[in-house]
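Asker: I'd like to ask some things about the structure below.
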Amino acid sequence: MSKEELYSAMGERLRGERTKLGYTQEKMAEKLGMSLTYYGQIERGISGISLEKLVLAHECLNIDPTYLLTGKERPVVSFDLVIDQCPKRKQNDLNELIQYALKLAK
35 MSKEELYSAM
45 GERLRGERTK
55 LGYTQEKMAE
65 KLGMSLTYYG
75 QIERGISGIS
85 LEKLVLAHEC
95 LNIDPTYLLT
105 GKERPVVSFD
115 LVIDQCPKRK
125 QNDLNELIQY
135 ALKLAK
């Protein structure tokens, strides 16, 4: 894939994420700390997004950088499904373990 193709694909994915968030280009540019002109160039595939802005998009907007770069989405784990597949006698233990892990993550 050429640099131009990569920029174009990343720009399309970023546009899709922006649309899902319900943001205008102006709002996204503001959130990412860049000019509207530069943000528009990224969406159109004229310019690439910097590593710093990619990290900021992840931290501030919860946009998956792997998806922006590759188009591949990480699988979402459903804890309810995992608990349901667990033997009944262990479901409470697993639920408590998940709750504990969530507390540690805060």
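Number 140 marks the last residue of the sequence shown (this note's numbering); no jumps. Idealized CB from N, CA, C, for every residue including glycine.
1) Is residue 118 close to chain B, meaning its C-beta is less than 8 Å from at least one C-beta of that chain?
2) If you check the beta carbons only, do residue 79 and residue 41 fall under 8 Å apart?
3) Apart from the five residues on each side of it in sequence, which residues of its chain come closer than 7 Å, Cβ to Cβ, to residue 101?
4) Classify residue 123: buried if its beta carbon has 16 or more other beta carbons within 10 angstroms, exposed otherwise.
5) Which first and last residues belong to the alpha helix (DSSP H) in which residue 134 is found?
6) Could you say which of 111, 105, 97 and 116 lies nearest to residue 39 if we only look at CA atoms?
7) On a Cα-Cα basis, can you pick out the residue from 89, 94, 118 and 113 that is closest to residue 136?
8) How many angstroms separate the CA atom of residue 54 from the CA atom of residue 86?
9) Under three-state DSSP, which class holds residue 109?
10) Please say whether residue 83 and residue 44 have beta carbons closer to each other than 8 Å?
Answerer: By the coordinates alone:
1) No chain B is part of this structure, which consists of one protein chain only.
2) yes
3) 47 and 107
4) exposed
5) 122-139
6) 105
7) 113
8) 22 Å
9) coil
10) yes
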